[in-house]
Amino acid sequence: MGSRFPGQACVFCPNPSVGVGEHVWPAWFIAEFHGQGPFTTSRAGVPYTKRDGKTPLTADALFGVHVPACEECNAALDTTIEKPAKPVVRRLLTHADSMGELILSADDCAALARWLLKVGLLSAHPAAEHDHPGLQRDTGVPRLATIRPEWLDWIRTGAAPPDGFSVFLTRRDLRGEDPAAEIEQHIILPKLVVDGEDRDFMSRSFGFAGVNVAIVWHPGWPLQHAQVDAGRAVLLWPHPDEVDFGAVPQVSPKELAFWDGSIGSIRVTADQLARIAQRPLSVDSDPIQAFFGSIAESAP
Numbered sequence: 001m002g003s004r005f006p007g008q009a010c011v012f013c014p015n016p017s018v019g020v021g022e023h024v025w026p027a028w029f030i031a032e033f034h035g036q037g038p039f040t041t042s043r044a045g046v047p048y049t050k051r052d053g054k055t056p057l058t059a060d061a062l063f064g065v066h067v068p069a070c071e072e073c074n075a076a077l078d079t080t081i082e083k084p085a086k087p088v089v090r091r092l093l094t095h096a097d098s099m100g101e102l103i104l105s106a107d108d109c110a111a112l113a114r115w116l117l118k119v120g121l122l123s124a125h126p127a128a129e130h131d132h133p134g135l136q137r138d139t140g141v142p143r144l145a146t147i148r149p150e151w152l153d154w155i156r157t158g159a160a161p162p163d164g165f166s167v168f169l170t171r172r173d174l175r176g177e178d179p180a181a182e183i184e185q186h187i188i189l190p191k192l193v194v195d196g197e198d199r200d201f202m203s204r205s206f207g208f209a210g211v212n213v214a215i216v217w218h219p220g221w222p223l224q225h226a227q228v229d230a231g232r233a234v235l236l237w238p239h240p241d242e243v244d245f246g247a248v249p250q251v252s253p254k255e256l257a258f259w260d261g262s263i264g265s266i267r268v269t270a271d272q273l274a275r276i277a278q279r280p281l282s283v284d285s286d287p288i289q290a291f292f293g294s295i296a297e298s299a300p
């Protein structure tokens with residue numbers, strides 16, 4: 001079989017990509033929706049259309065997305081990521097919008113977090129290719145501006161994800177959401193440079209049937225998530241713990257969002273970061289104010 005990514009290296013190692021690479025949304029996940037179409041894909045509430053620019057583009061099956069991957073890494077991901085997460089994801093899909101009990105153990109939450117990190121990071125990888133023609137043509141589809149080695153190194157080895165990641169899960173309304181709704185609360189992720197190194201703070205949000213996901217990279221500066229504190233969201237990573245996902249209410253993704261790099265750079269030393277990070281990033285915090293407050297406190 002020819003390669004979908006000829007001449008490109010695996011995103012996990014220097015070996016050449018083979019076949020169609022890594023299925024970001026695995027075949028077993030796509031098969032769960034067999035016979036439930038037709039499906040329409042939208043961005044910001046606007047459906048993608050056929051080339052006439054008017055007719056919504058529908059499909060009988062969900063479209064996939066792929067990244068370059070070698071045979072060895074592809075097999076490793078199946079063992080370390082897909083197999084542990086598959087039964088947990090299937091339980092979520094079966095539960096749908098039921099308010100009945102759905103107990104996820106700490107191990108379930110850890111397996112789910114690993115799978116969601118894999119999907120979120122690879123679907124926005126600069127080398128990702130979408131089977132959906134509208135998504136593939138859309139130059140505005142969010143892509144990660146940089147890929148730090150530690151974001152991917154753990155995926156194929158079976159190691160734990162870095163503690164710099166947080167993974168949050170909320171329940172979504174299967175009846176649909178208002179794309180025109182405004183964001184009610186936000187957490188600002190600053191562009192943080194520590195001793196000359198950009199920490200590359202970022203967030204990714206995505207969803208599937210009954211679930212909304214937010215993954216956040218914020219090494220060295222803790223997060224306090226208002227929805228988790230109120231029992232309206234679940235923290236899957238770090239520190240996974242048992243949770244009854246059925247007891248979590250449905251919330252709009254516009255209730256709380258992360259704003260990446262929406263303020264100027266904060267350039268600090270490691271010692272300064274240790275002081276300002278004593279107050280977690282939250283809906284009530286202002287990173288710039290925390291920075292200048294720290295400077296004032298340390299002034300002679």
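Residue numbers for the sequence shown follow this note's numbering, beginning at 1 and rising by one. For glycine and all other residues, C-beta sits at the position ideal for the given N, C-alpha and C.
Problem - Cβ pair E255, Q224 closer than 8 Å - result: no
Exercise for the section: Closer than 7 Å by C-beta to A290: which residues in its own chain qualify, once you throw out the five before and the five after it? Chain order, please. Expected result: I276 and R279
Exercise for the section: With DSSP collapsed to three states, give me the class of L144. Expected result: coil
Practice task
Could you have a look at N15 and say whether DSSP puts it in helix, strand or coil?
Solution key: Three-state DSSP puts N15 in coil, outside helix and strand.
Practice task
Give every residue of the same chain whose Cβ lies closer than 6 Å to the Cβ of D241, excluding the five residues on either side of it in the sequence, and list them in chain order.
Solution key: A106
Handout entry: DSSP-derived helix/strand/coil call for G2
Key = The DSSP-derived three-state label of G2 is coil.
Exercise for the section: Return the chain-ordered ranges of every alpha helix (DSSP H) run that is complete within the region 67-127 and spans a minimum of 4 residues. Expected result: 71-77, 83-95 and 106-123
Practice task
Count the C-beta pairs between the region 76-86 and the region 192-208 that are closer than 8 Å, then say yes if the count reaches three, no if not.
Solution key: Because the criterion of three Cβ pairs below 8 Å is not met, the region 76-86 and the region 192-208 do not touch.
Exercise for the section: Determine the burial state of A113: buried for a count of at least 16 other Cβ atoms within 10 Å of its Cβ, exposed for fewer. Expected result: Counting every other CB atom within 10 Å of its CB across the protein chains shown gives A113 a total of 16 or more, marking it as buried.
Problem - Neighbourhood of D108 by C-beta distance below 6 Å, restricted to the same chain and skipping five residues each side - result: For D108, where only same-chain residues beyond five positions count, the Cβ hits under 6 Å are V88.
Practice task
Please say whether L62 and Y48 have beta carbons closer to each other than 8 Å?
Solution key: no
Exercise for the section: Using beta-carbon positions only, say whether W115 and A85 come within less than 8 Å of one another. Expected result: yes
Practice task
For the alpha helix (DSSP H) containing P133, list its first residue and its last residue.
Solution key: P133 to R137
Problem - Bridge partners - V211, DSSP secondary structure assignment - result: R171 and F208
Problem - Pick from D271, I288 and H239 that is closest to S265, judged by C-alpha positions - result: I288
Problem - Range of the contiguous alpha helix (DSSP H) that encloses L152 - result: P149 to T157
Practice task
Give a yes or no on whether the C-beta atoms belonging to C73 and F12 are separated by under 8 Å.
Solution key: Contact: yes.
Handout entry: DSSP state of L62 mapped onto helix, strand, coil
Key = coil
Handout entry: Residues bridged to P56 [DSSP beta-bridge criterion]
Key = T49
Exercise for the section: Could you check the C-alpha separation between I183 and W151 for me, to the nearest Å? Expected result: Taking the straight line joining both Cα atoms gives about 28 Å.
Exercise for the section: Enumerate in chain order the residues of its own chain whose CB-to-CB distance from P253 is below 8 Å, with the five nearest sequence positions on each side excluded. Expected result: T170, R172, E177, S205, G207 and N212
Exercise for the section: Look at H23 and G246 and say whether their C-beta atoms are less than 8 Å apart. Expected result: No, they are not a contact pair.
Handout entry: Backbone CA spacing between S3 and I147 [nearest angstrom]
Key = 23 Å
Problem - Extent of the continuous alpha helix (DSSP H) to which I30 belongs - result: Segment A27 to A31, the alpha helix (DSSP H) holding I30.
Handout entry: Collapsed DSSP secondary structure at Q227 in the structure displayed
Key = helix
Problem - Nearest residue (CA-CA) to A124, options C70, R156, V141 and D244 - result: Between A124 and the set C70, R156, V141 and D244, the nearest pair of CA atoms involves V141.
Handout entry: 8 Å Cβ cutoff met for I215 and L281
Key = no
Handout entry: Minimum C-alpha distance to M202 - residue among V243, G231 and W259
Key = W259
Practice task
Return the first residue and the last residue of the beta strand (DSSP E) that L192 is part of.
Solution key: Q185 to V194
Exercise for the section: Kindly list the residues whose CB is nearer than 8 Å to the CB of L236, restricted to its own chain and excluding five residues on each side of it in sequence; keep chain order. Expected result: C109, A110, L112, A113, L116, V167, F168 and L169
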